[in-house]
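J.: In terms of numbering that gives the first Met the number 0, the sequence shown opens at residue 0 and continues consecutively. A virtual CB, placed ideally from N, CA and C, is assigned to each residue, including glycine. Nothing here was measured: the structure is a model prediction, and the numbers come from that model. One structure, pasted below without further comment.
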Amino acid sequence: MKKITLLYTTLFLVAFSQLQAQCDVIIPNYIETFNAGIVPPDCWSEATAGTPETGPMELGGGLWAEDDYLNDTVASGDMDNSARINLFFNTTADWLISPAFDLSGSDYELVYNVAVTGFGNSNPSNMGSDDEVQVLISEDDGVTWNALTTYNTSNTPSNAGQEERIDLSEYTGNAIFAFWASEGTTNDPEDYDFFIDEFQVREPLNCTPPTFDLVVTEGCIGEDGEFNVAVNINTLGSAPAIVITDDQGSVPQTVTEIGSFGFGPYVSGTIITYTLTGDDPDCTQVRSVSFICIPENDNCITPTGLVVGEDFNTNPITATNQSATDSMEADPTNCDVAGGNGNYMGGDVWFSVTVPADGIVTIETNSVDGSSLSDSAMAVYSGECGTLTQIECDDDDSDDGNFSLISINDTSLANTTLLVRVWEFGNNAFGEFLVSAYNPNILNVADIDNASVFSMYPNPTENLLHIKGVSGKSEIRIVNMIGQVVYSKNTTQNFVDVSTLPSGIYNLQINNNEASQTLRFVKN
Numbered sequence: 000m001k002k003i004t005l006l007y008t009t010l011f012l013v014a015f016s017q018l019q020a021q022c023d024v025i026i027p028n029y030i031e032t033f034n035a036g037i038v039p040p041d042c043w044s045e046a047t048a049g050t051p052e053t054g055p056m057e058l059g060g061g062l063w064a065e066d067d068y069l070n071d072t073v074a075s076g077d078m079d080n081s082a083r084i085n086l087f088f089n090t091t092a093d094w095l096i097s098p099a100f101d102l103s104g105s106d107y108e109l110v111y112n113v114a115v116t117g118f119g120n121s122n123p124s125n126m127g128s129d130d131e132v133q134v135l136i137s138e139d140d141g142v143t144w145n146a147l148t149t150y151n152t153s154n155t156p157s158n159a160g161q162e163e164r165i166d167l168s169e170y171t172g173n174a175i176f177a178f179w180a181s182e183g184t185t186n187d188p189e190d191y192d193f194f195i196d197e198f199q200v201r202e203p204l205n206c207t208p209p210t211f212d213l214v215v216t217e218g219c220i221g222e223d224g225e226f227n228v229a230v231n232i233n234t235l236g237s238a239p240a241i242v243i244t245d246d247q248g249s250v251p252q253t254v255t256e257i258g259s260f261g262f263g264p265y266v267s268g269t270i271i272t273y274t275l276t277g278d279d280p281d282c283t284q285v286r287s288v289s290f291i292c293i294p295e296n297d298n299c300i301t302p303t304g305l306v307v308g309e310d311f312n313t314n315p316i317t318a319t320n321q322s323a324t325d326s327m328e329a330d331p332t333n334c335d336v337a338g339g340n341g342n343y344m345g346g347d348v349w350f351s352v353t354v355p356a357d358g359i360v361t362i363e364t365n366s367v368d369g370s371s372l373s374d375s376a377m378a379v380y381s382g383e384c385g386t387l388t389q390i391e392c393d394d395d396d397s398d399d400g401n402f403s404l405i406s407i408n409d410t411s412l413a414n415t416t417l418l419v420r421v422w423e424f425g426n427n428a429f430g431e432f433l434v435s436a437y438n439p440n441i442l443n444v445a446d447i448d449n450a451s452v453f454s455m456y457p458n459p460t461e462n463l464l465h466i467k468g469v470s471g472k473s474e475i476r477i478v479n480m481i482g483q484v485v486y487s488k489n490t491t492q493n494f495v496d497v498s499t500l501p502s503g504i505y506n507l508q509i510n511n512n513e514a515s516q517t518l519r520f521v522k523n
């Protein structure tokens with residue numbers, strides 16, 4: 000085995016030396032922006048095997064690729080390209096290798112931007128339990144490698160990106176750098192993108208840049224889910240004053256001492272880029288931050304109500320899984336013929352639906368044009384949050400691609416409110432989707448149950464809505480067309496005052512000892 004390893008290493012070194020010979024040794028200063036959209040760039044290389052101990056092997060193609068930095072075209076300035084590798088499968092162990100640099104002429108530093116986001120999105124992500132990305136240097140043409148820094152679960156880059164600086168003053172000969180990314184041997188659920196951008200080998204600056212943090216101080220303010228940001232200045236660097244600006248047109252702030260400086264509000268989901276400028280443009284600092292409100296129906300106890308229509312297009316709701324969390328309910332089961340769980344990894348959102356009196360309802364998800372979410376799974380439950388009973392689970396039964404559909408035909412569930420759980424298959428794509436509940440027997444504006452126990456008049460109405468057939472104490476609820484309860488009362492009266500309700504269509508839910516029924520009425 001040692002002979003085979005030595006042979007592979009020798010073959011690699013020969014091939015690598017031939018590649019390096021095609022390019023002159025670079026005397027810094029040097030920058031690779033990856034803006035040409037080609038990875039590896041000229042005079043760079045990739046390898047698909049080997050460890051820092053053995054060195055790279057299998058020179059040639061690899062999994063490092065060109066991609067938008069932070070998976071967002073506005074996040075990295077004038078151009079948006081970077082080098083990116085996706086880490087998910089535990090077979091990944093790839094190298095991205097730089098040209099050779101002559102470090103003999105001065106004291107240099109290595110500078111680059113680094114970030115970790117979820118796969119295909121800009122959300123934060125953990126790294127897997129034994130995943131690591133090492134930044135390496137070799138002073139002997141790739142024979143041996145030493146780690147300059149290591150990223151792992153305890154040192155995970157921000158999803159907003161960060162600049163790293165590494166002192167190279169102890170290295171005085173020719174040197175090659177490499178980024179070695181490994182998924183390890185544990186097949187963790189984390190699926191994320193690792194980015195490298197703005198790679199520089201340069202002489203240290205003659206100024207000291209300011210240091211700062213970006214902190215979202217308030218989130219989900221008002222109907223638009225706005226948020227505020229504090230720019231926390233930790234040091235001013237060598238400048239006597241720093242000017243803070245954002246790319247949203249906010250009034251610039253000039254600061255002469257450390258402290259916290261507020262900006263905002265901004266609309267949820269907006270990536271805000273801040274620039275800190277002092278007296279030397281070489282020390283200008285740029286960093287971005289964003290915040291997305293979790294959906295209101297993120298948890299089982301706050302579902303969004305679905306109104307049963309005649310078909311999917313009658314009452315669809317546009318929903319999102321963006322920033323949804325794990326609701327901590329029991330994982331779904333039997334979502335496909337193999338008995339799988341729909342690749343549930345958290346990120347679920349919740350809906351509720353009252354089954355019509357005939358016990359028939361279909362719940363379905365569909366795509367939204369332009370959304371990154373293209374694969375859903377769904378489960379339907381009875382009972383209370385925390386002690387739910389799964390009725391059915393589905394992965395891909397909708398006719399709309401990889402979306403979900405569950406049909407219920409059970410008279411024992413008539414007039415029962417069920418809970419609907421929707422998640423993206425794998426929780427690694429985020430965006431909007433449509434969800435709807437329907438039953439072809441539902442009437443547009445009439446009693447939902449043709450064999451009515453109760454009835455009401457007048458319909459439409461402006462003020463009082465009279466209910467026939469009730470006796471004794473009843474629970475009366477009025478629900479609008481987006482599932483919000485706008486009226487709820489236990490009463491012995493046989494009428495409801497709806498004069499204060501906005502004009503529209505409503506469901507009247509009646510529950511007493513005789514029966515439970517839902518009627519639909521129009522408020523003029």
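Can you list, in chain order, the residues of its chain whose CB lies under 7 Å from that of residue 465, leaving out five sequence neighbours each side?
T.: 455, 456, 493, 494
J.: By DSSP, does residue 518 sit in helix, in strand, or in coil?
T.: strand
J.: In this structure, how does DSSP classify residue 107 when only helix, strand and coil are distinguished?
T.: coil
J.: Please give me, in chain order, every unbroken run of the beta strand (DSSP E) with length at least 3 that falls completely inside the stretch 250 to 331.
T.: Within the stretch 250 to 331, the runs of beta strand (DSSP E) at least 3 residues long that lie entirely inside it are, in chain order, 252 to 254, 258 to 265, 271 to 276, 284 to 288, 303 to 305, 316 to 319.
J.: Check for me: the beta strand (DSSP E) holding residue 98 runs from which residue to which?
T.: 92 to 101
J.: If we count the other Cβ atoms within 10 Å of its Cβ and call it buried at 16 or more, is residue 519 buried or exposed?
T.: buried
J.: Taking C-alpha atoms, which residue in 284, 70, 50 lies nearest to residue 131?
T.: In this structure, 50 is the residue among 284, 70, 50 with its C-alpha nearest to the C-alpha of residue 131.
J.: Taking the C-alpha atoms as reference points, what is the distance between residue 282 and residue 267?
T.: 30 Å
J.: Taking contact to mean 3 or more Cβ pairs, one atom from each stretch, closer than 8 Å, check whether the stretch 180 to 195 and the stretch 114 to 130 are in contact.
T.: yes
J.: Assuming residue 423 and residue 375 make a contact with CB atoms under 8 Å, what is their CB distance in whole Å?
T.: 6 Å
J.: So residue 230 packs on residue 260, CB below 8 Å; how close in whole Å?
T.: 5 Å
J.: Restricting to Cα atoms, I'd like to know which of 440, 60, 242 is closest to residue 355.
T.: Ranking the options by Cα distance to residue 355, first place goes to 440.
J.: In the structure shown, what three-state DSSP assignment does residue 69 receive?
T.: helix
J.: What does the Cβ neighbour count give for residue 299, buried or exposed, with the cut at 16 atoms within 10 Å?
T.: buried
J.: With three or more beta-carbon pairs closer than 8 Å as the criterion, would you say the stretch 149 to 167 touches the stretch 89 to 99?
T.: Short answer: they don't touch.
J.: What is the C-beta distance between residue 211 and residue 227, in whole angstroms, given that I count them as a contact (C-beta under 8 Å)?
T.: Taking the Cβ atoms as the reference, residue 211 lies roughly 16 Å from residue 227, outside the contact range of under 8 Å.
J.: Between which residues of its own chain and residue 515 is the CB-CB distance below 8 Å, once the five residues before and five after are set aside?
T.: Cβ neighbours of residue 515 beyond the five flanking positions: 414, 508, 509.
J.: Apart from the five residues just before and just after residue 447, which ones in its own chain have a Cβ nearer than 7 Å to its Cβ?
T.: Confidence in residue 447 is poor, its pLDDT being 43 and thus under 50, which makes the residue's placement unreliable; the coordinate value appears in the next sentence. Taken in chain order, the residues that qualify are 355, 356, 441, 517, 518, 519.
J.: Mapping the DSSP letters down to three states, classify residue 403 as helix, strand or coil.
T.: coil
J.: Would you report the Cα separation of residue 366 and residue 33, rounded to the nearest angstrom?
T.: 34 Å
J.: With a threshold of 7 Å on Cβ separation, who are the neighbours of residue 469 within its own chain once the five nearest residues in sequence on each side are excluded?
T.: 453, 493, 509, 511
J.: With DSSP as the reference, label residue 167 as helix, strand or coil.
T.: coil
J.: Going by DSSP in three states, residue 198 sits in which element: helix, strand or coil?
T.: Residue 198: strand per DSSP, three-state reduction.
J.: Okay, do the stretch 346 to 355 and the stretch 315 to 326 touch, 3+ Cβ pairs below 8 Å being the bar?
T.: yes
J.: Looking at residue 320 and residue 294, is the spacing between their C-beta atoms short of 9 Å?
T.: The answer is yes: Cβ separation under 9 Å.
J.: In terms of DSSP beta bridges, what is residue 564 paired with?
T.: Outside the displayed span of the chain (0 to 523) sits residue 564, for which this structure offers no information.
J.: Can you tell which of 52, 342, 99 has the C-alpha that lies nearest to the C-alpha of residue 140?
T.: 99
J.: May I ask you to list the residues that DSSP assigns as paired with residue 487?
T.: 476
J.: Taking residue 57 as the reference, which of 275, 67, 44 has the closest Cα?
T.: 44
J.: For residue 462, which option in 59, 498, 477 has the closest C-alpha, if you only look at C-alpha atoms?
T.: 498
J.: Within the chosen definition, does the stretch 265 to 279 reach the stretch 213 to 225 through at least 3 CB pairs nearer than 8 Å?
T.: Counting C-beta pairs with one atom in each stretch, the stretch 265 to 279 and the stretch 213 to 225 have three or more that are closer than 8 Å, which means they touch.
J.: Looking at the C-beta of residue 415, does it have a partner C-beta in chain D at a distance below 9 Å?
T.: This model lacks chain D altogether, as it is built from one protein chain only.
J.: Can you tell me which of the three DSSP states residue 181 falls into?
T.: In the structure shown, residue 181 sits in a strand (DSSP, three-state: E or B).
J.: If you run the structure through DSSP and keep just helix, strand and coil, what is residue 234?
T.: Judged by DSSP in its simplified three-state form, residue 234 adopts strand.
J.: Measuring straight from C-alpha to C-alpha, what distance separates residue 449 and residue 306?
T.: Confidence in residue 449 is poor, its pLDDT being 41 and thus under 50, which makes the residue's placement unreliable; the coordinate value appears in the next sentence. Looking at the two C-alpha atoms, the distance is approximately 18 Å.
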